[in-house]
Amino acid sequence: MNEPLIEGCVDSWASAMAAARAGADRLELCANLSIGGTTPSPALFRQVRRDCAARINVLIRPRFGDFLYSEAEAEEMREEIRMFRDLGADGVVIGALRPDGTLDMESMKRLIDCAGTMEITLHRAFDMTRDPGEALEDAVRLGCRTILTSGQAESALAGREVLRAVFRQAAGRLDIMAGSGVRKEQIRTLYDTVGIRVFHTTGRKGPLDSGMVYRKPGVSMGLPSLSEYELWQTDEAEFRECARIVHGLGGAAE
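Take any residue in the sequence shown, note its place counting from 1, add 1, and you have its number in this note's numbering.
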């Protein structure tokens, strides 16, 4: 663990292919990244699995919002984990909390039981816990391979003090993967100040203009703050530069 690794966070076939061509060691396959990511469709997974040699971890998140799940939602997540396991996913990205801001250990154990031999990443539900040190030890006890975190801040750079603390506490027992707002300009700073060598990024630069010529004014299909005529995808050149920097960071932590 703690070897240099870059994970591409992608929610489309086009983004997955761009990240893979640019040197992604692993993909986190999602849907709906504009709302923080939800579970992707089986059809999208099959397309990416067919066309991409990189490891693929699948986000399991049934909805936007908090990580306090009903039993029906937990059942849905367990079924999705079994399905993606059977489809050939390399890992799943999961998280569930109790109302008091601690990890829901019973729910997490049941999710992990469904995963079989797949790798387990605890997603940014970690950033919503009341005590990151306690949550880290719970993740270790659960057998998680990775924690994806911004250091309980809006971006990994802003959360670098917490990232440093949990990275040291982890002491190689699992990977601490920096995510949220990670761009090529921040990678070296995070490595130098924290020691982290594992990064999670969309590799996006900005929106692409839609090919639509006719554009209906005054009608929104989703969040009014988002344009219907902008496409957000991984930029291959941006991701390649991120991968170049990460892969040059050196070996395991001293």
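For every residue, glycine included, the Cβ atom is placed at its ideal position computed from N, Cα and C. Treat the numbers as computed from the prediction; the structure is a model and nothing was measured.
For I177, does the three-state DSSP call read helix, strand or coil? Three-state result, I177: strand.
Considering E72, what are the terminal residues of the beta strand (DSSP E) in which it resides? According to the DSSP assignment, E72 belongs to no beta strand (DSSP E) but to the alpha helix (DSSP H) extending over 72-88.
Please name the residue in A19, A116, F127, D26 whose C-alpha comes closest to that of P5. Nearest of A19, A116, F127, D26 to P5, Cα basis: D26.
DSSP three-state assignment for R131, whether helix, strand or coil: Note: R131 maps to coil in three-state DSSP.
Quick one: what's got a C-beta closer than 6 Å to T130's C-beta in the same chain, skipping five residues either side? Excluding positions up to five away in sequence, the list reads G102, A136.
Rounded to whole angstroms, what's the CA-CA distance from E237 to A32? Just pull it up for me. Taking the straight line from one Cα to the other gives about 19 Å.
Quick check on P133: buried or exposed, where buried means 16 or more other Cβ atoms within 10 Å of its Cβ? With 16 or more other Cβ atoms within 10 Å, it is buried.
Give me, in chain order, the residues of the same chain whose beta-carbon lies closer than 8 Å to that of I61; leave out the 5 immediate sequence neighbours on both sides. Hits under 8 Å: T40, M78, E81, I82, F85, V93, V94, I95, L112.
What residues match up with F200 in a beta bridge as DSSP calls it? DSSP output for F200 lists I7, A179 as bridge partner(s).
What's the C-alpha gap between S285 and R165? This structure gives no information on residue 285, because the portion of the chain shown stretches from 2 to 255.
Does the count of Cβ pairs from the segment 154-161 and the segment 107-124 closer than 8 Å reach three? Taking a cut-off of 8 Å on C-beta distances, the segment 154-161 does not touch the segment 107-124, as fewer than three cross pairs fall below it.
Run through the segment 11-53 for me and flag every whole beta strand (DSSP E) of 3 or more residues, listed as ranges in chain order. For the segment 11-53, whole beta strand (DSSP E) runs of length 3 or above, ordered along the chain, are 27-30.
May I ask you to report which of helix, strand or coil DSSP gives E239? Of the three classes helix, strand and coil, the one that applies to E239 here is helix, per DSSP.
For D210, the three-state DSSP class (helix, strand or coil): Residue state for D210 is assigned as strand, using DSSP reduced to three classes.
For E229, the three-state DSSP class (helix, strand or coil): Residue state, collapsed to three classes: coil.
Can you name, in chain order, every residue of its own chain whose Cβ lies under 8 Å from the Cβ of T122, other than the five neighbours on each side? The residues are E29, N58, G92, V93, V94, I95, C145, R146, T147, I148, L149, M178.
By the 10 Å Cβ neighbour count, where 16 or more other Cβ atoms means buried, how is E186 classified, buried or exposed? Burial call: exposed.
With DSSP run on the structure shown, which of helix, strand or coil describes T147? Of the three classes helix, strand and coil, the one that applies to T147 here is strand, per DSSP.
Alpha-carbon spacing of R99 relative to L69, whole angstroms: Within the model, the alpha-carbon separation for R99 versus L69 is close to 6 Å.
Would you mind reading off the limits of the beta strand (DSSP E) that contains V220? Premise fails: V220 is in no beta strand (DSSP E) and is neither H nor E.
Rounded Cβ spacing between V163 and Q153 (contact assumed at less than 8 Å): Sure, about 5 Å apart at Cβ, within 8 Å.
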